[in-house]
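Just so we're aligned, residue -11 is where the sequence shown starts under my numbering, counting upward by one.
Every residue gets a Cβ at the ideal spot worked out from N, C-alpha and C, and that includes glycine.
In what follows, a single structure is set out as structure tokens and then discussed.
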Amino acid sequence: MSFLRMGALSSLLSEPLVSGFTTASAIHVIVSQIKNIFGIKLPHHKGAFKIVYIAIDFVHLIPSTNVTALTISLIVILFMVASNEILKPWLAKRCRIPAPTELIAVIGGTLVSRYLHLEERYEIKLVGQIPTGLPSPALPNLDLLRVVAVDAIAIAIVSYSIVMSMALTFAKKHSYEVRPNQELVAMSASNAVSSLFSCIPTACSLSRSLIQEQTGGNTQIASVVASGLIAVVLLWIGPFFETLPRSVLAGIIVVALKGMLMQVSDLKRFFREDFLESLTWICTFLSVVLIDIDIGLLVGIIMSIIALYLKGWKSYSCILGAIPGTGIYVDIGKHKTAIEISSIKIFHYAGCINFASRASFKRKLYETIGYISRKSTSKTHSEDSSFQDIRTVVIDLSCIPHIDYSACKLFKEINNEMDLIGVAFFLAAPSDRVFDTIMHADALGDGPFQTFPTVHDAVLFSQGKLDMMV
């Protein structure tokens, strides 16, 4: 994927998609910790609606809650909330080193469990055996490649999307840039090396990433230190944490997910900005929560593509008028000081003109300038009172990023219609890309088009031409 420069696909991960996806993923993580918080044994579910099934089982199993496990979880949650909301902000003003409250909770929970024998006395579930040492490096069995190839592609796409979603979330929070292809290279290198040690595919852990970010780890050095500590744990001190209650870890994880869950408030902002963005958020969120992460991600990407297409297809158009004493032309519907120039209609259009939108462009043009095509009515030009005084139509191309060959053919059709009724047809202010397309069409016989570098130039030329006609 990195070799093919597929990092550009991350552009499909729109802000509503990332927000809805990470919020729903946080709910998945919280649901996975319910059994540890309440000290109950929930049946394992997978596939669509697994969260619904887990919720139903949880309601049935609430009477069997381990009160001690729930108490431990609540104590840890209260401790972490107090440290995040009170202690850490207070220390941040007096010390640059963040308080390691998560580490304190882990070590404290381990010691309390060890010396109070929580597992034997209260049936508290512990982390359990942590093997020491690292497996010997060995090449993976390449004969299995045919069996796992399809699943590997799906895993790679989902893993990369999760990594980029988290990266974009943190980048927005801490104001830095994420390079999609660089992330692909990093993931490729990590998976290539880890495959020699029988590791599972590398991805991004939502809970661990949030905990590291909340403890002040914002650079690669934090990951180096964390990796070093994990290596120390695996090689030497792993057995010390075997008595750590899972309810302690569950409490830390739940508090760490607060920021992700608060992204629900983004939905209100998306509703204000654009309905399609809010719809993308809702569809992504519900799909991830109700169906599964991979299907929800696919639904979110599809919704982003649909929203992108609809936004590109949805255009803006208006009639421009001149600001007196200047060469500036603005929407006469939004600027009271703008004056429409006599005998000239300046049509402004924002959006692409291509084979899919050419009919819409022509319809909007004719409706806006008040022209009734002879093809659609039996009226003649002289009978059309709203258009009979017009001698020039100018198309402002300044906000049109792209046109195709069919758009040039459309310009020719409009030009021919205008010629029949004695109206001049001008194109103005095209970008270099649009101008090149017009010139190519002209060379192929679909011109000539009278094109001007600015709207004001077209107006001045038109006024001179009208004076000569008078």
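Inset, instruction - Could you tell me if T368 is buried or exposed, where buried requires 16 or more neighbouring beta carbons within 10 angstroms of its beta carbon? - result: As a working note, residue 368 is residue 380 in the sequence shown. Bear in mind that a pLDDT of 44 at T368, under 50, signals an unreliable position, so the number given afterwards is only what the model happens to contain. T368 is exposed by the Cβ-count criterion.
Legend entry - Endpoints, alpha helix (DSSP H) assigned at H48: By one-based count along the sequence shown, residue 48 stands at place 60. Element bounds for H48: K38 to L49.
Inset, instruction - Could you name the residues of the same chain whose beta carbon sits closer than 8 Å to that of V221, not counting the 5 residues immediately before and after it, in chain order? - result: Against the sequence shown, residue 221 aligns to sequence position 233. Same-chain partners within the cutoff: I118 and F229.
Legend entry - A412 classed as buried or exposed, judged by whether at least 16 other C-beta atoms fall within 10 angstroms: Here the question's residue 412 lines up with position 424 in the sequence shown. Buried.
Legend entry - Cα-Cα separation between G309 and A191, rounded to whole angstroms: The residue given as residue 309 occupies position 321 in the sequence shown. The residue given as residue 191 occupies position 203 in the sequence shown. Taking the Cα positions, G309 is about 55 Å away from A191.
Legend entry - Complete runs of the alpha helix (DSSP H) confined to the region 57 to 83 [at least 4 residues]: If you keep only unbroken alpha helix (DSSP H) runs of at least 4 residues inside the region 57 to 83, you get 76 to 80.
Legend entry - Buried versus exposed call for T268 [16 or more other C-beta atoms within 10 Å across all chains shown]: Looking up residue 268 in the sequence shown gives position 280. That one is buried.
Inset, instruction - Kindly indicate which three-state DSSP category H336 falls into: helix, strand or coil? - result: Residue mapping note: residue 336 aligns to position 348 of the sequence shown, counting from 1. Of the three classes helix, strand and coil, the one that applies to H336 here is strand, per DSSP.
Legend entry - Those runs of the beta strand (DSSP E) which lie wholly inside the region 73 to 151 and span at least 3 residues: none
Legend entry - Simplified DSSP assignment, three categories, for Q438: Counting from 1 along the sequence shown, the entry for residue 438 is found at position 450. Q438 falls in the strand class under three-state DSSP.
Inset, instruction - Round the Cβ separation of F349 and L408 to the nearest angstrom and send it over; I've been treating them as touching at under 8 Å. - result: In the sequence shown, residue 349 corresponds to position 361, counting from 1. In the sequence shown, residue 408 corresponds to position 420, counting from 1. Contact annotation, F349 with L408: C-beta distance approximately 20 Å; criterion of less than 8 Å not satisfied.
Inset, instruction - Report the three-state DSSP secondary structure of T380 (helix, strand or coil). - result: Position 392 of the sequence shown, counted from the first residue, corresponds to residue 380. Three-state DSSP puts T380 in a strand.
Legend entry - Residue of C340, R84, R346 and G321 minimising C-alpha distance to I334: Taking the first residue of the sequence shown as 1, we reach residue 334 at position 346. For I334, the closest alpha carbon among the candidates C340, R84, R346 and G321 is that of G321.
Inset, instruction - Classify K23 as buried or exposed, calling it buried when 16 or more other Cβ atoms lie within 10 Å of its own Cβ. - result: Sequence index remark: in the sequence shown, residue 23 carries index 35 (1-based). Burial call: buried.
Inset, instruction - To the nearest angstrom, report how far apart S330 and I388 are at their CA atoms. - result: Locating residue 330 in the sequence shown gives position 342, where the first residue counts as 1. Locating residue 388 in the sequence shown gives position 400, where the first residue counts as 1. Looking at the two C-alpha atoms, the distance is approximately 25 Å.
Inset, instruction - Specify whether the region 136 to 152 and the region 163 to 174 touch according to this definition: at least 3 beta carbon pairs, one from each stretch, less than 8 Å apart. - result: yes
Inset, instruction - Could you name the residues of the same chain whose beta carbon sits closer than 7 Å to that of I199, not counting the 5 residues immediately before and after it, in chain order? - result: By 1-based counting over the sequence shown, the position of residue 199 is 211. The answer, listed in chain order, is E90, I240 and A244.
Legend entry - Residue from P125, L127, N179 and I270 with nearest C-alpha to A144: In the sequence shown, residue 144 corresponds to position 156, counting from 1. Selected option, being the one with the closest Cα: N179.
Inset, instruction - Helix, strand or coil for D392, going by three-state DSSP, please let me know. - result: To locate residue 392, count along the sequence shown from 1; it is residue 404. Coil at D392, not helix or strand.
Inset, instruction - Find the nearest neighbour of G315 within the set T207, E328 and K76, judged by alpha-carbon distance. - result: For the purposes of this step, residue 315 is taken as the residue at position 327 of the sequence shown. Of T207, E328 and K76, the residue nearest in Cα terms is E328.
Inset, instruction - Give the range of the beta strand (DSSP E) segment to which S305 is assigned. - result: Counting from 1 along the sequence shown, the entry for residue 305 is found at position 317. Start and end: Y304 to A310.
Legend entry - Residue interval of the beta strand (DSSP E) (run including A412): By one-based count along the sequence shown, residue 412 stands at place 424. In the DSSP annotation of this structure, the continuous segment of the beta strand (DSSP E) that includes A412 starts and ends at A412 to A416.
Inset, instruction - Taking only the alpha-carbon atoms, compute the straight-line gap between I60 and V138 and give it to the nearest angstrom. - result: Along the sequence shown, read from residue 1 onward, the residue named residue 60 stands at position 72. Along the sequence shown, read from residue 1 onward, the residue named residue 138 stands at position 150. So the two alpha carbons sit approximately 43 Å from each other.
Legend entry - V213, DSSP secondary structure in three states: Taking the first residue of the sequence shown as 1, we reach residue 213 at position 225. In this structure, V213 counts as helix in the three-state DSSP scheme.
Legend entry - C-alpha gap between I50 and K38, whole angstroms: Locating residue 50 in the sequence shown gives position 62, where the first residue counts as 1. Locating residue 38 in the sequence shown gives position 50, where the first residue counts as 1. Cα to Cα, I50 sits roughly 18 Å from K38.
Inset, instruction - Could you tell me if I92 is buried or exposed, where buried requires 16 or more neighbouring beta carbons within 10 angstroms of its beta carbon? - result: As a first step, residue 92 must be located in the sequence shown, where it is residue number 104. It counts as exposed.
Legend entry - D280 (DSSP reduced to helix, strand or coil): Locating residue 280 in the sequence shown gives position 292, counting from the first residue. D280 falls in the coil class under three-state DSSP.
Legend entry - Sufficient close CB pairs (3 or more, under 8 Å) joining the region 32 to 47 to the region 277 to 284: yes
Legend entry - Alpha-carbon spacing of F437 relative to D430, whole angstroms: Against the sequence shown, residue 437 aligns to sequence position 449. Against the sequence shown, residue 430 aligns to sequence position 442. Straight-line Cα distance between these residues: approximately 7 Å.
Legend entry - Three-state secondary structure (DSSP) of G452: Your numbering for residue 452 matches position 464 in the sequence shown. Note: G452 maps to helix in three-state DSSP.
Inset, instruction - Can you give me the start and stop residues for the alpha helix (DSSP H) that V318 sits inside? - result: Numbered from its first residue, the sequence shown carries residue 318 at position 330. Boundaries around V318 are those of the beta strand (DSSP E), Y317 to D319, since no alpha helix (DSSP H) includes it.
Inset, instruction - Within its chain, find whatever has a CB closer than 6 Å to the CB of E111; leave out the 5 residues flanking it on each side and keep chain order. - result: Translated into the one-based positions of the sequence shown, residue 111 becomes position 123. Here the set comprises nothing.
Inset, instruction - With DSSP collapsed to three states, give me the class of S370. - result: Locating residue 370 in the sequence shown gives position 382, where the first residue counts as 1. For S370, the predicted structure reports a pLDDT of 43, less than 50, and the residue's modelled location is therefore unreliable. A value from the coordinates is still provided. In the structure shown, S370 sits in a helix (DSSP, three-state: H, G or I).
Legend entry - Cβ-based burial, G8 [other Cβ within 10 Å; buried from 16]: Residue 8 sits at position 20 when you count from the first residue of the sequence shown. Counting Cβ neighbours within 10 Å, G8 comes out buried, since at least 16 surround it.
Legend entry - Residues bridged to P233 (per DSSP): Position 245 of the sequence shown, counted from the start, is the residue given in the question as residue 233. P233 pairs with L114.
Legend entry - Touch test, the region 59 to 78 against the region 91 to 108, Cβ-Cβ under 8 Å, three pairs minimum: yes
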